[in-house]
Amino acid sequence: FQGKERIHVSVLSKEKPENYEKPFVVDNNVRTWYDVIRRGKIQSNNGNCLGWKPEGESSYKWISYETVINRS
14 FQGKERIHVS VLSKEKPENY EKPFVVDNNV RTWYDVIRRG KIQSNNGNCL GWKPEGESSY
74 KWISYETVIN RS
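Each residue of the sequence shown is one higher than the one before, starting from 14 at the first, in the working numbering.
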């Protein structure tokens with residue numbers, strides 16, 4: 014492809030490449046995925062974090078943020 018390097022941006026993205034040059038920060042205390050999980054635990058009061066739908070079942074099974082943190 015001609016132009017700026019875009020290896021970290023989907024070719025399907027309609028966003029301009031320059032939008033990806035600076036980090037997008039919503040909360041200065043959240044920088045890593047571990048920070049995201051810890052923040053989610055607080056904001057959700059340790060609610061559902063990770064869910065899956067077992068084969069042949071109609072409802073999802075969920076584990077809490079604390080369980081995800083403890084298993085990581």
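Beta carbons: idealized from backbone N, C-alpha and C, even for Gly.
1) What's the C-alpha gap between Ile50 and Lys74?
2) Assuming Gly64 is part of the alpha helix (DSSP H), what are its boundary residues?
3) Note the first and the last residue of the continuous alpha helix (DSSP H) segment covering Lys54.
4) Would you tell me roughly how many angstroms separate the C-alpha atoms of Lys66 and Gln56, rounded to the nearest one?
Well, looking at it:
1) 18 Å
2) First-last for Gly64: Asn61 to Trp65, but that is the beta strand (DSSP E), not the alpha helix (DSSP H).
3) Trp46 to Gln56
4) 24 Å
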